[in-house]
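Residue numbers (the numbering used here): 2 to 396.
Where is the CB? At the ideal position from N, CA and C, for every residue including glycine.
Data block below; observations after.
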Amino acid sequence: MTQTLKQAVIAHPMDSFHPASGGGIRYLMNLLRVLLDHGWGVTAIGAQAGAPNPAASWTHIAISHEAAHWTGWAGYLLNLYLRLPFLQIPADAVVVTHRMDCMLAFVLFKPGQPKVMISATPAHFLRLSFPNLFALFGWLYRLAERICVNGCDAIVPVDPATRLYYTRRYPQARLTACVPSAVDLSHMHRLRQSEARAALNLPPEARLVLFMGRLAPVKNIPLLLRAFALVAQKVPEARLWLAGHGESGAMLKSLAAQCSDRITFVGEVLPDQVAHYYAAADVLALCSLEEGSPTVIKEALACGTPVVSTDIGDARQVLSASPEMGRIVPAAEEALAEALIDFITRESDSEMARERRSQAMQAYSVEATGAQLIQICEEALARRQPQARPDAVLR
């Protein structure tokens with residue numbers, strides 16, 4: 002008897018043929034690859050940013066064009082709600098989303114599908130970007146959230162704070178253990194710092210602080226710029242590289258003018274160069290207002306580089322494994338500057354210490370976290386399948 006191919010639908014405003022940067026996108030693309038490796042059929046309902054890939058082993062249904070800022074997300078959601086009732090997707094496919102607003106469409110229009118919602122810092126985008134509107138209409142979000150929670154077969158929190166949020170607000174939710182963001186160790190691996198610096202034309206004597214991510218308000222980069230101004234006063238060799246792009250780019254370049262000779266806006270880094278940037282740095286800095294399970298922390302550590310971060314998402318859990326992993330600091334420029342100075346002026350950060358950081362990230366590999374997600378998807382699928390009836394007794 003031929004075994005039926007298991008199916009999954011991943012819904013997110015991304016082009017799975019040409020994925021952009023971003024934690025949610027990387028999380029889902031890692032899941033997509035793991036599902037394919039385990040023999041699942043995958044359909045991505047996303048956006049279009051480039052030409053289709055006829056050689057791909059999965060199906061991509063583009064329902065909108067990929068766009069920057071929140072307008073791209075809004076356009077995708079509008080098309081999802083308008084088109085989903087008429088989209089033909091496998092009837093028994095497990096639906097996976099990284100956001101409640103995407104999952105709500107499937108709860109409303111595809112109630113029979115098994116559903117797995119990955120969740121990080123619920124409503125943070127709305128609370129940060131539209132605080133006044135959220136104050137007035139937050140009740141509407143909570144209503145939609147409650148509908149989603151009741152309609153999902155599994156809710157996968159990426160960090161302990163998110164799990165606690167659902168436990169307190171929705172004790173009836175089918176919560177799983179936390180499944181943090183993964184790091185692709187085939188691409189993020191330790192390089193010798195001297196070799197990475199030579200590849201990027203960075204002088205050996207430079208003391209490099211690296212930021213890697215979107216140039217967006219949630220990343221709180223003005224705090225990093227103020228802290229680095231203090232660092233630059235005390236460490237003449239200090240440099241700050243900001244790798245990424247986003248809607249805050251022009252504003253940040255204006256703020257950085259006072260240290261323009263020390264600060265470089267690198268722009269978007271090609272995927273095959275990302276590990277070189279991590280390995281070349283003396284420390285990665287992250288001071289976001291809110292995060293779930295920031296991938297950049299694990300990527301930097303996998304490349305051997307320590308991290309200084311504010312207390313966001315699962316950063317404390319990851320960095321607490323050893324003092325040489327990095328440090329959690331308050332969201333204050335003096336404290337951030339002090340920690341950055343400590344790491345960039347250390348002479349004892351040996352290649353052995355960098356290797357230990359890299360090895361510690363094996364627990365966060367795509368394979369390790371992917372196995373957890375596969376099991377969750379299989380359990381969601383089993384929940385919806387009708388129980389086989391016992392054979393009738395012959396008379």
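For Ser-359, does the three-state DSSP call read helix, strand or coil?
-> It is helical.
Beta strand (DSSP E) segments (min. 3 residues) lying fully within the region 234-313 | Residue ranges of uninterrupted beta strand (DSSP E) with 3 or more members, entirely inside the region 234-313 and ordered along the chain, are 239-244, 264-268, 284-287, 308-311.
Compute the distance between the beta-carbons of His-125 and Glu-325, then report whether it is under 8 Å.
-> No, the Cβ-Cβ distance between His-125 and Glu-325 is not below 8 Å.
Taking Val-210 as part of the beta strand (DSSP E), name the residues at either end of that continuous run.
-> Unbroken beta strand (DSSP E) run through Val-210: 208-213.
Short Cβ contact (8 Å threshold) for Leu-1 with His-99 | The structure shown has nothing for residue 1, since the chain only spans 2 to 396.
Can you list, in chain order, the residues of its chain whose CB lies under 7 Å from that of Gln-114, leaving out five sequence neighbours each side?
-> Cβ within range, chain order: Ala-94, Val-96, Phe-107.
State yes or no: is the C-beta of Arg-263 within less than 8 Å of the C-beta of Ala-228?
-> No. Outside cutoff.
As assigned by DSSP and simplified to three states, the class of Ala-48 = In the three-state scheme derived from DSSP, where H, G and I count as helix and E and B as strand, Ala-48 is classed as strand.
For Ile-148 versus Ser-120, is the C-beta distance shorter than 8 Å?
-> No, these two residues do not count as a Cβ contact at 8 Å.
Spell out the partners DSSP gives Thr-98 in its beta bridges.
-> In the DSSP output, where bridge partners are listed per residue, Thr-98 has Ala-12, Met-118.
Might you give, ordered along the chain, the residues of its own chain that have their beta carbon closer than 8 Å to the beta carbon of Val-150, omitting 5 neighbours on each side?
-> The beta carbon of Val-150 sits closer than 8 Å to those of Ile-156, Tyr-167, Tyr-171, Gln-173, Ala-174, all from its chain and outside the five residues before and after it, given in chain order.
Under 6 Å Cβ to Cβ from Leu-231, same chain only, skipping five residues before and after it: list those, please.
-> Within the same chain, and ignoring the five residues on either side of Leu-231 in sequence, the residues whose Cβ sits closer than 6 Å to its Cβ are Ala-338.
In the DSSP assignment, find the alpha helix (DSSP H) that holds Val-35 and state where it starts and stops.
-> From DSSP, the alpha helix (DSSP H) with Val-35 extends over 24-38.
So what's Pro-123 in DSSP terms, helix, strand or just coil?
-> Correct three-state label for Pro-123: coil.
For Thr-60, which of Thr-44, Gly-51, Ala-52, Ala-48 has the nearest alpha-carbon?
-> When only C-alpha atoms are compared, the closest one is Thr-44.
Specify whether the region 239-250 and the region 268-285 touch according to this definition: at least 3 beta carbon pairs, one from each stretch, less than 8 Å apart.
-> Because the criterion of three Cβ pairs below 8 Å is met, the region 239-250 and the region 268-285 touch.
Who are the near neighbours of Ala-340 in its chain, counting only those whose CB is closer than 6 Å to its CB and skipping five residues on each side?
-> Close CB contacts of Ala-340 within its chain, under the 6 Å cut and outside five residues either way in sequence, are with Val-309, Arg-328, Val-330 (chain order).
For Ala-48 versus Ser-65, is the C-beta spacing smaller than 8 Å?
-> Taking 8 Å as the Cβ cut-off, Ala-48 and Ser-65 qualify as a contacting pair.
Would you tell me roughly how many angstroms separate the C-alpha atoms of Ala-286 and Arg-208, rounded to the nearest one?
-> One alpha carbon belongs to Ala-286, the other to Arg-208, and they sit about 13 Å apart.
Do Leu-203 and Leu-226 have their C-beta atoms within less than 8 Å of each other?
-> Not closer than 8 Å, so no.
In terms of alpha-carbon separation, which member of Tyr-77, Ala-52, Glu-352 lies closest to Ala-12?
-> Among Tyr-77, Ala-52, Glu-352, the Cα nearest to that of Ala-12 is on Tyr-77.
What is the DSSP secondary structure of Ile-148, reduced to helix, strand or coil?
-> Helix.
What's the gap between the Cα of Arg-169 and the Cα of Ala-162?
-> Rounded to the nearest whole angstrom, the C-alpha separation of Arg-169 and Ala-162 is 11 Å.
Nearest-angstrom Cα separation, counted from Leu-36 out to Gln-274 = C-alpha separation (whole angstroms): 26 Å.
Same chain only: Cβ atoms within 7 Å of Lys-235, ignoring 5 sequence neighbours per side = Same-chain partners within the cutoff: Ile-342.
Cβ distance (whole Å) where Pro-123 is taken to contact Met-104 below 8 Å = Taking C-beta atoms under 8 Å as the contact rule, Pro-123 and Met-104 fail to qualify, at a distance of about 12 Å.
Opposite Pro-158 in the DSSP bridges: which residues?
-> Among the bridge pairs identified by DSSP, Pro-158 is matched with Ser-120.
Are the Cβ atoms of Lys-299 and Ser-187 separated by less than 8 Å?
-> Not in contact: Lys-299 and Ser-187 (Cβ atoms no closer than 8 Å).
What whole-angstrom Cβ distance do Ala-280 and Thr-296 have, given they're in contact under 8 Å?
-> The distance from the Cβ of Ala-280 to that of Thr-296 is about 16 Å, inconsistent with a contact at the 8 Å cut-off.
Any idea if Asp-283 is buried or exposed, counting beta-carbon neighbours within 10 angstroms, 16 or more meaning buried?
-> By the neighbour-count rule (16 or more Cβ atoms within 10 Å), Asp-283 is buried.
Span of the beta strand (DSSP E) around Pro-65 = This sequence places Ser at residue 65; Pro is not what is there. Per DSSP, Ser-65 belongs to the beta strand (DSSP E) from 60-66.
Short check: CB of Leu-88 to CB of Ile-62, under 8 Å?
-> Leu-88 is a Cβ neighbour of Ile-62, given a cutoff of 8 Å.
Assumed close pair Met-362, Leu-302 - CB separation to whole angstroms, cut-off 8 Å = Taking C-beta atoms under 8 Å as the contact rule, Met-362 and Leu-302 qualify, at a distance of about 5 Å.
Under 8 Å, do Asp-160 and Asp-315 count as touching if we go by C-beta distance?
-> Yes, these two residues count as a Cβ contact at 8 Å.
Out of Arg-347, Val-219, Leu-85, point me to the one whose CA is closest to Glu-238's CA.
-> Comparing Cα-Cα distances from Glu-238 to each of Arg-347, Val-219, Leu-85, the minimum goes to Arg-347.
For my contact list, Pro-218 and Leu-144 are in at a C-beta cut-off of 8 Å; report their separation, rounded to the angstrom.
-> About 27 Å separates the two Cβ atoms, so there is no contact after all.
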